[in-house]
Amino acid sequence: MTPTPRLEIRLDHIEHNTATLTRRLARHGISVTAVTKATLGDPDVARAMLRGGATRLGDSRIENVERLRAAGLEVSMTLIRSPSPSHAARVVAGADVSLNSELDVVEALAAAAIAQGTVHGVILMVELGDLREGILAADLPDAVRRTIGLRGVELIGIGTNLACQSGVGPDDDNMAVLSDLVAATEAQCGFGLVRVSAGNSANLDWALDDPPAGRINELRLGESILLGREPLRRTPIAGLHTDAFSLVGEVIESKIKPTRPWGTIHQAAFGTTEPRPDTGPTRRVLVALGRQDVDPDGLTAPHGMTILGASSDHLVLDAGDRPCRVGAELTFGVDYAALLRAMTSPFVARRLRGGPAGSDPHR
Ligand SMILES: *Cc1c(COP(=O)(O)O)cnc(C)c1O
167 MTPTPRLEIR LDHIEHNTAT LTRRLARHGI SVTAVTKATL GDPDVARAML RGGATRLGDS
227 RIENVERLRA AGLEVSMTLI RSPSPSHAAR VVAGADVSLN SELDVVEALA AAAIAQGTVH
287 GVILMVELGD LREGILAADL PDAVRRTIGL RGVELIGIGT NLACQSGVGP DDDNMAVLSD
347 LVAATEAQCG FGLVRVSAGN SANLDWALDD PPAGRINELR LGESILLGRE PLRRTPIAGL
407 HTDAFSLVGE VIESKIKPTR PWGTIHQAAF GTTEPRPDTG PTRRVLVALG RQDVDPDGLT
467 APHGMTILGA SSDHLVLDAG DRPCRVGAEL TFGVDYAALL RAMTSPFVAR RLRGGPAGSD
527 PHR
């Protein structure tokens, strides 16, 4: 018996998406750090990304980096969230490089690296207007001076992140600022920066456009590889699969019921629901899927069906004129929020498909 609920993961689609994006970006001199965080650092997903041509892996959580290492992945690994100081030793042991915006953290990494007899790579993140992580441009020279003065760490690049907190998109102006900061930093240090890590999937439109990419030579891509969409407008990217992930749930009730509730109406379990116009009795279907498994707002219903609502454990659908027996499996599309929640839920199983011959489909 295949368990439900479960995420079905098409490894061949992830490989294809990575290959398509790495090929297109290579023409602009940009390499891909494939970001595994939405899959909790799944080693099979990571291997599919590497087969597709990603040169490095990135993840936001040290636990996921450790999981990838434990699975035998020896590729260059970047921690893409600023390390927690208390994790410094684990970060130095697991990741080759981390993205940093606080010198206190860089100092903790340097001390841990010296203790472990190694050198940890540092990319300094610059704030370019989205107001999440990053050193203000005016403060960069001081951060650079202090970083290159430390043993145990090596300044290998600078980077930025946009479109995550405030929705500020990458454009020719802020990307030119980043290139100028690279030149200024190199003049200050007297050596070249190896990695200029300009952002996430939201940078794709900018990067694939014609003007030269300046000094930018790296993007950190998660959503575009996994879901085939760019995150600024969530439009599908031409030539990519948007269905590498789908969520399968099982029908636990299927009955013809009236469209409208009856009785005195108060708040429902998760806020208020607008009553629907009365269209007469329809087939209402309950699926054993809820907010503990997935973000229901990020689900796409099977063709001909409509999602009416969700509570902790029940997803309610109007099945239209589709017959739907108890025990039937229904397959839903997922967006990034739904994928993240489903991957993180202990109730959702995973089934890998389209992997190399001989790989184990369950985990
Ligand atoms: C999550 C994240 C990424 C990847 O973002 P996608 O939109 O999934 O491509 C890149 N960089 C940082 C710092 C992130 O937190």
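Position in the sequence shown (first residue = 1) + 166 = this note's numbering. Heads up, the beta-carbon is just placed ideally off N, CA and C, and yes, glycines get one too.
In the DSSP assignment, find the alpha helix (DSSP H) that holds I314 and state where it starts and stops.
By 1-based counting over the sequence shown, the position of residue 314 is 148. Looking at the DSSP string, the run of the alpha helix (DSSP H) that includes I314 is L306 to I314.
Examine the Cβ distances between the stretch 416–434 and the stretch 461–471 and report whether three or more of them are shorter than 8 Å.
At 8 Å Cβ cutoff, the stretches do not touch.
Have a look at the DSSP bridge pairing and note the partners of F498.
Stepping through the sequence shown from its first residue, residue 498 is reached at position 332. The partner list for F498 (beta bridge, DSSP) reads L413.
Proximity to G356 [Cα-Cα], best of P307, A200 and E389
One-based indexing of the sequence shown puts residue 356 at position 190. The residue with the shortest Cα to Cα distance from G356 is P307.
Hey, out of G470, E495, D178 and I280, whose CA is closest to V319's CA?
Position 153 of the sequence shown, counted from the start, is the residue given in the question as residue 319. It is I280 whose Cα lies nearest to the Cα of V319.
Would you mind giving the Cβ-Cβ distance between I322 and V288, rounded to the nearest angstrom? I have them listed as a contact below 8 Å.
Taking the sequence shown and counting its residues from 1, one reaches residue 322 at position 156. Taking the sequence shown and counting its residues from 1, one reaches residue 288 at position 122. Indeed they touch by this definition, with Cβ atoms about 7 Å apart.
Under the three-state DSSP convention, the category R361 falls into
On the sequence shown, position 195 is the one that residue 361 refers to. R361: strand per DSSP, three-state reduction.
Neighbourhood of G456 by C-beta distance below 7 Å, restricted to the same chain and skipping five residues each side
Locating residue 456 in the sequence shown gives position 290, where the first residue counts as 1. Taking G456 as the centre and dropping the five residues before and after it, the same chain places the C-beta of A476, S477, S478, D479, H480 and L481 closer than 7 Å to its C-beta, in chain order.
Measuring straight from C-alpha to C-alpha, what distance separates V417 and R426?
Numbered from its first residue, the sequence shown carries residue 417 at position 251. Numbered from its first residue, the sequence shown carries residue 426 at position 260. Straight-line Cα distance between these residues: approximately 21 Å.
N183 by DSSP, collapsed to three states: which one?
As a working note, residue 183 is residue 17 in the sequence shown. Assignment of N183 by DSSP, reduced to helix, strand and coil, places it in the helix class.
Assigned exposure category for M167 - 16 Cβ within 10 Å defines buried:
Counted from its first residue, the sequence shown places residue 167 at position 1. Burial state of M167 is exposed, judged by a 10 Å Cβ sphere holding fewer than 16 other Cβ atoms.
Short Cβ contact (8 Å threshold) for L483 with V514
Counted from its first residue, the sequence shown places residue 483 at position 317. Counted from its first residue, the sequence shown places residue 514 at position 348. Not in contact: L483 and V514 (Cβ atoms no closer than 8 Å).
Using a Cβ-Cβ cutoff of less than 7 Å, which residues in the same chain neighbour A379 once the five nearest sequence positions on both sides are dropped?
The residue given as residue 379 occupies position 213 in the sequence shown. Apart from the 5 residues on each side of it in sequence, A379 sits with its Cβ closer than 7 Å to the Cβ of H194, G195, I196 and A373 in its chain, given in chain order.
Taking Cβ to Cβ, would you say P209 is nearer than 8 Å to A454?
As a first step, residue 209 is located in the sequence shown; it is residue number 43 there, counting from the start. As a first step, residue 454 is located in the sequence shown; it is residue number 288 there, counting from the start. Their beta carbons are not under 8 Å apart, which means P209 does not touch A454 by this criterion.
Would you call T244 buried or exposed, if buried means 16 or more other Cβ atoms sit within 10 Å of its Cβ?
Start at 1 with the first residue of the sequence shown, and residue 244 comes out as number 78. The residue is buried, with at least 16 neighbouring Cβ atoms inside 10 Å.
Range covered by the alpha helix (DSSP H) that runs through G147:
Nothing about residue 147 can be reported from this structure: the residues present for the chain run from 167 to 529 only.
Whether or not the stretch 239–255 and the stretch 270–277 are in contact is what I'm after, with contact meaning three or more pairs of Cβ atoms, one per stretch, closer than 8 Å; do they touch?
Touching, yes.
Simplified DSSP state of T202, which is helix, strand or coil
By 1-based counting over the sequence shown, the position of residue 202 is 36. In the structure shown, T202 sits in coil (DSSP, three-state: anything other than H, G, I, E or B).
What's the call for F498, buried or exposed, on a 16-neighbour Cβ count within 10 Å?
In the sequence shown, residue 498 corresponds to position 332, counting from 1. Buried.
Are the Cβ atoms of R517 and E174 separated by less than 8 Å?
Translated into positions along the sequence shown, residue 517 becomes position 351. Translated into positions along the sequence shown, residue 174 becomes position 8. Inclusion of R517 and E174 in the CB contact set at 8 Å is warranted, their separation being smaller than that value.
Just the Cα atoms here: how many angstroms apart are D501 and D225?
In the sequence shown, the residue the question calls residue 501 occupies position 335. In the sequence shown, the residue the question calls residue 225 occupies position 59. Rounded to the nearest angstrom, the two C-alpha atoms are 19 Å apart.
Status (buried if at least 16 other CB within 10 Å, exposed otherwise) for V258
For this step, residue 258 is matched to residue 92 along the sequence shown. V258 is buried by the Cβ-count criterion.
Using only alpha-carbon positions, find the residue among E352, D487 and R189 that is nearest to R160.
The chain is shown from 167 up to 529; residue 160 falls before or after that span and cannot be answered.
In angstroms, rounded to a whole number, what distance separates the CA positions of L191 and V348?
If you number the sequence shown from 1, residue 191 lands on position 25. If you number the sequence shown from 1, residue 348 lands on position 182. Distance between the alpha carbons of L191 and V348: 20 Å.
For L265, which option in A503, R227, L234 and V334 has the closest C-alpha, if you only look at C-alpha atoms?
Here residue 265 refers to the residue found at position 99 when the sequence shown is read from its first residue. Distance from the Cα of L265 is smallest, within the candidate group A503, R227, L234 and V334, for R227.
D375 (DSSP reduced to helix, strand or coil):
For this step, residue 375 is matched to residue 209 along the sequence shown. Shown here, D375 sits in coil according to DSSP, grouped into three states, outside any helix or strand.
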